[in-house]
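Per the numbering used here, the sequence shown starts with residue 40, numbered consecutively.
Beta carbons: idealized from backbone N, C-alpha and C, even for Gly.
Remarks on the structure that follows.
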Amino acid sequence: MWINPSWKELGELVGAGELYLEPGIAEKCAARCAQLRRELVILQDDAKRLARIDGLGHLPSGIALARKLEQKASGGEYALDQALGDHIAVVEQMQAVFEKIAARFGAAEEANARTLGAIDPDR
């Protein structure tokens, strides 16, 4: 068993049948991930628009402050838009794991129904 597994490793556990959730929970988690991803993309777009800041004046200190804030929003060392992009990637991985859990559960339910149908065709 892994300590602090990555979402990729959790996906592998799902594939091996070692990780599952109660019926309906995985779908809710996947839907929430999709919603969170949309919200993060909006924030990322907003951060990219902050790459140009006006209104801090024409003095060297105002220009320097504007440049520093622009770099924090987009284009600088690990700027907000990049950090949000990293968060989006993790949320996408999470969503994929939850969708995989839901698909596995659905496939198991179908297999169980077929098995029961073969035993008692009237069901």
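**OP:** State the start and end residues of the unbroken alpha helix (DSSP H) segment that holds L82.
**Re:** I64 to R88
Original post:
First and last residue of the alpha helix (DSSP H) that includes G56?
Top reply: Unbroken run through G56: none, as it is neither H nor E.
Subject >> First and last residue of the uninterrupted alpha helix (DSSP H) at L104 >> reply: P99 to A112
Subject >> DSSP state of E116 mapped onto helix, strand, coil >> reply: coil
Original post:
What residues in its chain sit with their C-beta under 8 Å from that of R76, if we drop five residues either side in the sequence?
Top reply: I127, V130, E131 and Q134
Subject >> Three-way DSSP call (helix, strand, coil) for L95 in this model >> reply: coil
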